[in-house]
Structures are given as structure tokens and as C-alpha cells.
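Report on one structure; see the data block that follows.
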Amino acid sequence: MSTVRLVTLITGASAGIGAAFADTLAERGHHLVLVARRGERLEALAERLRGLYGARVDWVALDLAEPGAAERLIAWCDEREFSIDWLINNAGLGMPGRLHDSDWREHAACLRLMVEAPTELVARALPMMRRRGCGTVINVASLAAYLPGTEGHTLYAGIKAYLLRFSESLALENRAAGVRVCALCPGLTLSEFHDVTGTRELMAKLPGFMWQRADQVVEAALDGLAHDRTIVVPGRFNRLTKRLARLIPERLALWLAARESKRYRQL
Ligand SMILES: NC(=O)c1ccc[n+]([C@@H]2O[C@H](COP(=O)([O-])OP(=O)(O)OC[C@H]3O[C@@H](n4cnc5c(N)ncnc54)[C@H](OP(=O)(O)O)[C@@H]3O)[C@@H](O)[C@H]2O)c1
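Converting from the sequence shown to the working numbering requires adding 1 to each position, the first position being numbered 1.
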């Protein structure tokens, strides 16, 4: 008899949107595998979800920016006979500053974390999903994927635009095989993101209607999946911003993005 267990793997589950996915999906009966660097956070979350929902939760502390991390994560799952049924590529951060101001190694780590690792995890999980005829991939991109690039956080918009386009192609390639792919494009979300970038004080000046809670973002993603949407932009304000960014002339969009980003970024 097969002992293979279908699991939902969530990267960046120690905080914010990833932790909110863990909460919602544990309640819905998923067997979770949580991944992030802070093992103590994952352990506490796993304990809480087991207690609250009787959920099956495993976790592994891993730095996904390290070379070879995605391969090691898949090997870790294989050793336990875990087959990835849902893959939520969520781990990410913003790196303040301009490209020329910081060490290339930091940017390279950023690319490994937010481009290479998610792409490799999908590539390695897909064959089994396709063989089973079902599977779900959620790539957490950003509303930034639709907005012009700005000064500072140089790689961020480009990385998120990549995740968006990558998801669109994946969705087309795998729909007939029963694998759903969704690019989740949140706008400003209450999480630890802006503490990590050191911009909390500046961002706190933005009005409340621009912000969403992480659990609202997760609900929108799951609703989008249920309606077979490849792209989910949670929240009315964010959907309006996306539409406007596409309607107004490119030069005006660039000018507006440049002006606004200077007000809310530390360069
Ligand atoms: N918050 C927003 O306004 C916003 C808007 C649009 C998109 N997003 C995207 O949403 C995703 C989640 O962000 P969030 O807002 O929930 O931020 P958050 O609260 O800071 O959570 C980020 C998660 O990523 C993990 N992570 C960071 N570096 C990692 C690494 N090297 N290896 C493994 N895990 C790592 C963190 O865990 P450890 O520190 O424990 O490793 C944490 O669990 C990101 O991809 C972000 O770009 C956020």
C-alpha cells in the first residue's frame, strides 16, 4: 500500500501572508509543510495549528536564498514520502537601496529566493502533479508587477513581473493536465514586510484604505482559485490601481511612480 502523503508546501510561512495561508488551509484540513528560516516561529505556528484544528503540520527551517536550497527541500519531502499537492511560493522580501549601492551578493541572494527557488520548486513538483492529474500552484507576485519600476528596491518590480508572466505561461501549459496555477498580486498588506525593509514609519503615513490584512489576501486567492482565475489582485483599491496604471500614458505612469516612491522609500 502506498504511504505517499499529499502535502501543501508554503514557503515564507513564519509571518504575514504565508502564516495566513497556513492558518486558513490548516482549518480546511490540508497537511501542511511550512518553510522559512526562523524555525522557532514555524514550530510555534505548527503547535498552534495542531491544537486549533487537529491539523497535520510539518516544518523545516531553510534559507531559500542559499544555492541548492530548493533541491534540498524537495529531497527532504521525498525522504518523508511527501508529494506536493499545493505549492505556495510566497517567501520574499524587499531590498532597500539602489543596485549600485549594495553588494551584488545580496542581489544574487534576492534573485535566488524570489526567482530561482520558486521556479525550481514548481519545475520539480510539476511532473508528479501532472501524473496525478491534479495540483495547485500559487505564486505570490505583487501589484508592483503592474506598476512601473522605481528607484530603490531595484529588482523588486522586475522579479514580481517575472512571477506574473511565469504563472500565466504555467497556467496555459498545465490546465489540461489538471494543474491550476495562480499569480497572487497583493497590494499593501499588513505583515512584517515593511519592518524588514525598514520603511514601517514612512509606510504608516499611507491611508488605511490602501492596506489589507493578510487573511483578506488569502481569502481572495482561494476565491480566485475557486473561480478558475489565473491572476488574483485582491481588494478593490488594488484592482482600480492596476486598471489605471494600464489606462494612463506610460510617461505619466512613470512620473507618478517616481514621485510617489520617493516619498515612501528610504534610498
Ligand atoms: N506586504 C506587502 O505589502 C506585500 C505586497 C505585495 C506582495 N507581497 C509579497 O508577499 C510575500 C510575503 O510577504 P509578507 O508581506 O507576508 O512579508 P513578511 O511578513 O515579511 O513574510 C515574509 C516571509 O518570507 C520568509 N523569508 C524571507 N526570506 C527568506 C529566505 N531567505 N528563506 C526562506 N524564507 C524567507 C520570511 O521568513 P523568515 O524571515 O523566517 O525566513 C517570512 O516568513 C512576499 O513574496 C512579498 O513580496 C507583500
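Glycine included, each C-beta is placed from N, C-alpha and C at the ideal position.
- Contact annotation: V197 and I160 have beta-carbon atoms that are not nearer than 8 Å.
- Taking V233 as reference, the option from P97, E80, L164 with the minimal CA-CA separation is L164.
- Taking 8 Å as the cut-off, the beta carbon of L144 is found no closer than this to the beta carbon of K263.
- Counting along the chain, W256 sits inside no beta strand (DSSP E); it lies in the alpha helix (DSSP H) bounded by residues 251 to 265.
- If you look at N239, you'll find it in the alpha helix (DSSP H) that goes 237 to 248.
- Per DSSP, S143 lies in no alpha helix (DSSP H) and is assigned neither H nor E.
- If you keep only unbroken alpha helix (DSSP H) runs of at least 4 residues inside the segment 59 to 133, you get 70 to 80, 105 to 112, 118 to 133.
- Shortest Cα-Cα distance from L156 to any of G179, L112, G13, E28 involves L112.
- Setting aside the 5 residues that flank it on each side, A23 is surrounded in the same chain by I11, A14, L33, L35, L46, L50, each with a C-beta closer than 7 Å to its C-beta; the list follows chain order.
- The continuous alpha helix (DSSP H) containing T25 extends over residues 17 to 28.
- When beta bridges are read from the DSSP output, Q213 appears opposite T190.
- By the neighbour-count criterion, in which a residue is buried when 16 or more other Cβ atoms sit within 10 angstroms of its Cβ, W105 is exposed.
- A distance of 8 Å or more separates the beta carbons of A162 and A172.
- With a cutoff of 8 Å on beta-carbon distance, I139 and N90 are scored as near each other.
- Leaving aside the five residues that flank G95 on each side, the residues in its chain whose CB is nearer than 6 Å to its CB run, in chain order, H154, Y157, T198.
- A buried status is given to A56, since no fewer than 16 other beta-carbon atoms sit within 10 Å of its beta-carbon.
- Under the three-state reduction of DSSP, V36 is assigned to strand.
- Listed in chain order, the non-local C-beta contacts of R99 below 8 Å within the same chain comprise E152, G153, T155, L268, local neighbours out to five positions each way being set aside.
- Ligand 1 approaches G13 closely enough that one of its heavy atoms is under 7 Å from the residue's Cβ.
- Excluding its 5 nearest sequence neighbours in each direction, D216 has C-beta neighbours in its own chain below 8 Å: A21, D24, T25, listed in chain order.
- With a cutoff of 8 Å on beta-carbon distance, M211 and L185 are scored as not near each other.
- A residue is called buried once 16 or more other Cβ atoms fall within 10 Å of its Cβ, and A124, having fewer, is exposed.
- Taking C-beta separations shorter than 7 Å and ignoring five residues to either side along the sequence, the partners of T4 in its chain run E82, following chain order.
- Cβ contact annotation for S170 (same chain, cutoff 8 Å, sequence separation greater than five): none.
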